[in-house]
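Data block below; observations after.
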Amino acid sequence: MKQDAAKSLRVFALELAIYAVFVAVYFFLVLHLLGGWLYRLEVQHRVVYALVAILLIAGQAVVLDAVTTALFRLIRRRWR
Amino acid sequence: MFFPISHTHINPFYLVVVGFVIGILGGFFGVGGSFIAGPALRLMGVDWNFAVGTDLAHIVGKSIVAARKHRSLGNVDLKLGMIMALGTIGGAEGGAQLIQALKRAGNVNSGVSWVAIVVYIGISVFMLWESHTTLKLHKGRSRTVSDAKAAASKADHSAFGSVTKKIQGIKIWPMVSLPTSGIPEISLWTILLVALIGGFFSGFLGGGAGYIRMPSLVYVLGIPTHLAVGTDLFEIVISASYGTFTHAIKGNVDILIALVMHTGAVIGAQIGVVATQYFAGPKIRLAFVPLPLIGAAIVIYTLATGHKL
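Protein chains in written order, with the working numbering: chain Y, 401 to 480; chain X, 967 to 1275.
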């Protein structure tokens, strides 16, 4: 039982570490590449900005969920 | 790191951690976590109008993930969720308009802070009383066959049950049935009123207002807690999208902050959803009690000191 718990914890820690690398890369892409464009959009075209904001957050949700689910499945399969 | 839209400097890793914590809360309690997100953004010097709008945007992403998980577990009443979305959108617009009025009057930060403190403390006190009373009622009672059946069907008990029955008995046409939630008949207006109030707080205090809607679904409409959690999340996807849109065109959304917070929330939500399977309804509600109090404490701190951390 204890062994199972320790194993789950190790798998989870590995998942978090890999995910942290993804997130760091993602920060660079979003904040540096999209930041200026989104700022200008927010100042000049509010309605377009509002629509883009919803699309971005919804798109990120679906993509990140798919990525994390696939990542978790892959790691757990390899660990067994 | 500088976020140009809201003109604030925030460490992005702070946002990820806040998102992670909120993700767990969202997955587990079915609430957007704005009672933590709003105060956490205020703590970094973000104005309330931006905290509210940005939190709504972040909630959209987080709720999509959590609602999908709950749907796969059979915890979503689609019919109830669609009806509630209509009322919530109306309420959210009302809340957003009030924010604009306070912004024009120049006292949005103090105005929203006081309302937030009263609402967060009120919810904690009520849920503490209810879940404690419910757990006490069932303590010592031997587990009967019907109890076991109720647990298996995700139905749960509430000390507020008699009031819920009276509310369900209000017969104002049109009446609707919610078979997924086990409610044979309830007035459409009762559902819309609950949604309207939740929507107003969503537009005014940010997030999905799950801290109002989740207890309302359980205590007022009588929805089993597990279904209330999933349905609330499903409904938040629709209403928070509208809230994000209306706040964004009013200049209250920093989508960059929302995107960064959401990266942490994705992982947190996965953990939270799985955790709901191991706890009974009243215990989930009891565990919820300290969370709005934490939010209230942060708001009191920022209000009293006028400083960010």
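The beta carbon of each residue, even a glycine, is placed where N, CA and C say it ideally should be.
Identify the residues that DSSP records as bridge partners of residue i: which are they?
i, result
"H975 of chain X", "X:F968"
"S1153 of chain X", "X:M1141"
According to the neighbour-count rule (16 or more other Cβ atoms, all chains shown, within 10 Å of its Cβ), is residue i buried or exposed?
i, result
"A413 of chain Y", "exposed"
"P1150 of chain X", "exposed"
"I457 of chain Y", "buried"
"I1138 of chain X", "exposed"
"Q1236 of chain X", "buried"
"T1110 of chain X", "Its pLDDT being 47, under 50, T1110 of chain X is placed unreliably by the model, and the measurement read from it follows with that caveat. That one is exposed."
"S1119 of chain X", "Low per-residue confidence applies at S1119 of chain X: pLDDT is 46, beneath 50, and the placement is therefore not dependable, though the value from the model is reported in the following sentence. So S1119 of chain X ends up on the exposed side."
"N977 of chain X", "exposed"
"I1157 of chain X", "buried"
"V1129 of chain X", "exposed"
"L1276 of chain X", "There is simply no residue 1276 of chain X to check, as chain X begins at 967 and stops at 1275 in what is shown."
"L981 of chain X", "buried"
"K1069 of chain X", "buried"
"A1224 of chain X", "buried"
"V423 of chain Y", "buried"
"G1272 of chain X", "exposed"
"A417 of chain Y", "exposed"
"R477 of chain Y", "exposed"
"Q460 of chain Y", "buried"
Going along chain Y, which residues have a C-beta under 8 angstroms from residue i?
i, result
"T1130 of chain X", "Per Cβ cutoff of 8 angstroms: no residues; T1130 of chain X is ~33 angstroms from chain Y at best."
"P978 of chain X", "F427, L431"
"V1232 of chain X", "A461, L464, D465, T468"
"V982 of chain X", "V423"
Please list, in chain order, the chain Y residues whose beta carbon lies closer than 9 angstroms to that of residue i.
i, result
"Q1236 of chain X", "D465, T468, T469, F472"
"P970 of chain X", "G435, G436, L438, Y439, E442"
"I1065 of chain X", "Per Cβ cutoff of 9 angstroms: no residues; I1065 of chain X is ~15 angstroms from chain Y at best."
"M967 of chain X", "F427, L431"
Kindly list, in the order they appear in chain X, the residues whose Cβ is closer than 7 angstroms to that of residue i.
i, result
"Q460 of chain Y", "G1027, L1225, H1228"
"I475 of chain Y", "Near I475 of chain Y there are no residues of chain X at all, since even the closest Cβ is about 13 angstroms away, more than 7 angstroms."
"A406 of chain Y", "Within 7 angstroms Cβ-Cβ: nothing; A406 of chain Y doesn't reach chain X, min ~18 angstroms."
Assuming residue i and residue j make a contact with CB atoms under 8 angstroms, what is their CB distance in whole Å?
i, j, result
"G1019 of chain X", "H1228 of chain X", "15 angstroms between Cβ atoms; not a contact."
"A1231 of chain X", "K1028 of chain X", "4 angstroms"
"V1255 of chain X", "S1153 of chain X", "That pair is no contact at about 30 angstroms."
"L917 of chain X", "I1264 of chain X", "Because chain X here runs from 967 to 1275, residue 917 of chain X falls outside it and cannot be looked at."
"I1002 of chain X", "G1234 of chain X", "Not confirmed; about 11 angstroms, so no contact."
"G1148 of chain X", "P1190 of chain X", "7 angstroms"
"A1062 of chain X", "G1209 of chain X", "7 angstroms"
"G1173 of chain X", "D1021 of chain X", "5 angstroms"
Going along chain X, which residues have a C-beta under 8 angstroms from residue i?
i, result
"V447 of chain Y", "I1215"
"L456 of chain Y", "I1221, L1225"
Using the beta-carbon of each residue, which ones in chain Y are nearer than 7 angstroms to residue i?
i, result
"V1031 of chain X", "A461, D465"
Closer than 9 angstroms by beta-carbon distance: list the chain X residues that pair up with residue i, in chain order.
i, result
"A413 of chain Y", "Result: empty, since nearest Cβ-Cβ is about 12 angstroms, beyond 9 angstroms."
Taking a cut of 7 angstroms between CB atoms, which residues from the stretch 417-441 of chain Y lie near chain X?
-> Y419, V423, Y426, F427, V430, L431, G435, L438, Y439
With 9 angstroms as the limit, tell me which residues of the stretch 1209-1226 of chain X have their beta carbon closer than that to any beta carbon of chain Y; keep them in chain order.
-> T1210, F1211, T1212, H1213, A1214, I1215, K1216, G1217, V1219, D1220, I1221, L1222, A1224, L1225, V1226
Quick one, which residues of the stretch 992-1024 of chain X are near chain Y if we go by CB-CB under 8 angstroms, in chain order?
-> A1023, H1024
Mind listing which residues of the stretch 1191-1208 of chain X have their C-beta closer than 8 angstroms to chain Y's C-betas, in chain order?
-> S1207
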